Structures are given as C-alpha cells and as structure tokens.
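In my numbering, the protein residues as written are 3 to 411. Just so you know, even glycine gets a beta-carbon here, dropped at the ideal spot from N, CA and C. The structure displayed is predicted, hence computed values, not measured ones. The structure appears below as structure tokens.
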C-alpha cells in the first residue's frame, strides 16, 4: 500500500471521516443482495417455475462469482483510478440488480446474480484500499470495520426488511429496494470519496508474485478456516436451536437478530483491537473463537446460556475480519486491492466449505457434534497464523542481522 495518496485531503486526526459512510452504504446494499434471497427462495421458485433446489443455485452461483470472478476482475482493473473503479463497480451492481427486478426467466436471473457477484468482491477490495487511506495509520483496521459494518447491519436490518418487502410486494420489489440503496451509495461515493492518486501500478506478474507469497497464502487459508468455522455451525443454527436447545421457530428468529448485534459489535471492537496490536489481536481472536465453540457444546443444552454464547460467538466470529483484511493488504504491498479481493474470495470458499462440513457432520455424527466441528477449524487457523507470524519475525530478525554487515562492508 505504498504508492497511493489521497489528493486534496489531509489524513483526519480525530473521528472517522463521513466519506466512510458511503462505503458502509455500499456494503449494506451488497449484504442485502447476497443474503435476502435466502428468505425468498419459495417465492422465486414459484414465480419462475423452477424447483426450490434450482432456486438455491442462485445462492451458490453468487458465492462462486465472488470467489472466482472477483479476483480476476481486480487483477485486470488494477490500473484504473480507485475512485473511478469504485463508481464503475457500484454501477455494475445497480445494473445487475435492476436486471434481477425485471428478469423474465431463471437463466437471466442467474446471469444477473453472477454479474452482481463480480462487483461484490472487487468492491470490498478497492473499498478496503480507499478506507485505509482516509484515516491516519493507527486507525486503518477501524476504518475497514466501519466499511464492513454495512455488511453486518444488513443482516440485522436489511435482510429482514428486504424479506418482508418481498413477501408483501413480490420478490422483485426486494431487488428494487437494493437498487435504490446502490444508487444512494453511488451518489455518496461520487460526492464524498476523495480521489486517490496512484503513482505506480503493479503489472500482472508483480501482482501474482505479491499474492503468492507463502506467508500471505497462509493468511488467506487462515481466513477461509475462520469463515468455514462460522458456516459449519451457522448454516444449521435453526435446527440446532429448535431440536437440541428446544426453542420455538419464533424465538429462533429473535436469537438470530441478537447474533447480528453480536456480529456488528465484534466487527467494530475487532477493528479497534487490530489497530492496537494487529497479529496478537488476530491470534487471540482465533483462540477465543475456538474456546467459545467448545463452550457452546455444553451451553447448547441450556436455553439462557445458549443465547449468551451465540451473542459472544457472533462477536468473536466477525471480530476477525478487519484485522485479517488489513494484515493481508499490508503483506501484499504491490497488490493490496487484489489481495483484499482474494481475502473475500477465500472467505466465500470457506463459507461453502463450512456448509458442506456441517452437512457431513449432521449426516454421519448428528446435530450435537456441530460445535465441536466448528471449534476445530479456528484451532487450525490459529496454528497457521502462528506459522505465518513466525515466518515474518524470522525474516525481520534476518534483515536486522544483515544490516550491520552491510554498513561494515
């Protein structure tokens, strides 16, 4: 992240700048378009005359579009001015959702979802790069967490609101609301985000080299394991709470809202911790996540304790994101946008893998073993993080030891 500067703006000394809110609004709209369809699958299937299973592929294709397509798009748009690229991505997002509103067939809706997914991953990539340049160096993780807060708030407010609109006015109305949110974000980006000057753009080969550093690849794997841990359990949280804990369907809905508040709190607090001590905070968060899921194996049988554990679990699961994003961007100085986008790709692959692992555990072991499986993944992530951290410290020591020799020579 060495060759960019904000033009015409000094780095803020106090609070976070209001321009960050345009990135938050964009993240909110993206969060809605990714998750709102989960509550509207029956409506979509009936209207487009497909099965529920086929409608579910609209979710899978979106995730794959983020995981595979977004890094490719980031790779080939690296030379574009950051603000212009952000505007173009939000334009693609708006168009993709507008097509979803009027899509006459399942195939066209599928295509619109894939196009929108390309904007998703790259938006967070370039948005992360811009966010850290809007604040002073010791508040960079906090700036990323402010942007990511849009994604977490979308789960608390946007998805229930969008689902309600879809159930009352038809699923197309939900995508219409997302289009309006996208337009609000685009206006904010145009008028509030300062221009980021790029003095030098790395070539494709340089970007690949930056991304394929062993310790950076370990961090991407670490992130995927964190996301995989979350989705191993969260994908099946409703049957777990209903069949094991004994909650009614109505109460589960409110517990998930509480989980969303935990997620939002964890995202903001995790950003503050990462700005304080980046790697120690990240490693500590993974250790806490594993411990909380171990505890959940016991509290899942106790309704009140289960509710408390779920809130804390949400905070720990999303407290990882700002620090991880900043760490990966810092390690890939020649390709921060590609690295940031690849982080979201790794997370989406982790989401899909976690859902698969959870399904396998239920089939072969039973619902009650889900938290144990979820706890194992952050333990692996913690070990990988320690290896990556150790590699970096070893490199620094080697660099310190060779410096006196160079001066003597």
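* Looking at the C-beta of residue 30, does it have a partner C-beta in chain D at a distance below 8 Å? -> No chain D is part of this structure, which consists of one protein chain only.
* **Rounded straight-line distance, which links the Cα of residue 319 to that of residue 291** => 6 Å
* May I have the straight-line CA-CA distance separating residue 161 from residue 293, to the nearest angstrom? => 29 Å
* Is residue 195 helix, strand or coil when you go by DSSP? -> coil
* Residue ranges of each beta strand (DSSP E) within the region 340-396, 3 or longer -> Under the rule that a run must span 3 or more residues, no beta strand (DSSP E) segment is found entirely inside the region 340-396.
* Check the C-beta distance from residue 119 over to residue 91 and give it rounded, since I have them as a contact under 8 Å. => That belief does not hold up - the Cβ atoms of residue 119 and residue 91 are roughly 12 Å apart, past 8 Å.
* Asked: Do you know whose CA, among 51, 370, 349, lies nearest residue 233's CA?
  -> When each option's Cα is compared against that of residue 233, the closest is 349.
* Assign residue 36 to one of two classes, buried (16 or more other C-beta atoms within 10 Å of its C-beta) or exposed (fewer than that). => Residue 36 comes out buried.
* Straight-line gap, residue 55 to residue 376 (C-alpha atoms, nearest Å) -> 26 Å
* Collapsed DSSP secondary structure at residue 238 in the structure displayed -> coil
* Please work out which residues of its chain come closer than 7 Å, Cβ to Cβ, to residue 276, disregarding the five sequence neighbours upstream and downstream, and give them in chain order. => Beyond the five residues adjoining it in sequence on each side, residue 276 comes within less than 7 Å, by CB distance, of 143, 283, 284, 324, 325, 328 in the same chain, given in chain order.
* For residue 85, the three-state DSSP class (helix, strand or coil) -> helix
* When the Cα atoms are used, what is the spatial distance from residue 150 to residue 303? -> 32 Å
* Taking DSSP as the reference, what is the three-state secondary structure of residue 79? -> coil
* **Simplified DSSP state of residue 279, which is helix, strand or coil** => In the structure shown, residue 279 falls within a coil segment according to DSSP collapsed to helix, strand and coil.
* Asked: Using the rule of at least 16 other Cβ atoms within 10 Å of the residue's Cβ for burial, across every protein chain shown, is residue 140 buried or exposed?
  -> exposed
* For residue 331 versus residue 76, is the C-beta spacing smaller than 8 Å? -> no
* **6 Å Cβ shell around residue 258 - same chain, five flanking residues per side excluded** => none
* Under 8 Å, do residue 242 and residue 372 count as touching if we go by C-beta distance? -> yes
* Asked: By DSSP, does residue 249 sit in helix, in strand, or in coil?
  -> In the structure shown, the three-state DSSP call for residue 249 is coil.
* To do: Measure from the alpha carbon of residue 152 to the alpha carbon of each residue in 267, 392, 281, then state which is nearest.
  => 267
* Give the C-beta separation of residue 156 and residue 40 to the nearest angstrom, bearing in mind that I take them to be a contact with Cβ-Cβ under 8 Å. => Contact flag wrong, Cβ pair sits at about 12 Å.
* Asked: If you check the beta carbons only, do residue 287 and residue 177 fall under 8 Å apart?
  -> no
* **Within 8 Å, strictly: CB atoms of residue 273 and residue 380** => no
* Contacting residues, own chain, Cβ-Cβ under 7 Å from residue 248 (five flanking each side not counted) -> 305
* Asked: Can you tell me whether residue 271 is buried or exposed, with buried defined as 16 or more other CB within 10 angstroms of its CB?
  -> buried
* Asked: I think residue 351 touches residue 246, with their Cβ atoms under 8 Å apart; what is that distance to the nearest whole Å?
  -> Wrong, their Cβ atoms sit about 28 Å apart, outside the cutoff.
* Asked: In whole angstroms, what is the alpha-carbon distance linking residue 278 and residue 154?
  -> Rounded to the nearest angstrom, the gap between the Cα atoms of residue 278 and residue 154 is 22 Å.
* Go through its chain and collect everything with a Cβ distance to residue 64's Cβ below 6 Å, but skip five positions before and after it. => 115, 119
* Can you tell me the Cβ-Cβ gap for residue 68 and residue 123, rounded? I've got them flagged as a contact below 8 Å. => 4 Å
* Asked: In chain order, what residues of the same chain have a beta carbon less than 8 Å from the beta carbon of residue 172, not counting five sequence neighbours either side?
  -> Around residue 172, the same chain offers 45, 49 as residues with beta carbons nearer than 8 Å, after the five sequence neighbours per side are excluded.
* With DSSP run on the structure shown, which of helix, strand or coil describes residue 304? -> coil
* To do: Could you check what DSSP says for residue 214 in three-state terms: helix, strand or coil?
  => coil
* Asked: When you compare only the Cα positions, how much space is there between residue 321 and residue 265?
  -> 8 Å
* Considering only residues of the same chain and omitting the five flanking positions on each side of residue 356, which have a CB-CB separation below 6 Å? -> 230, 233, 234
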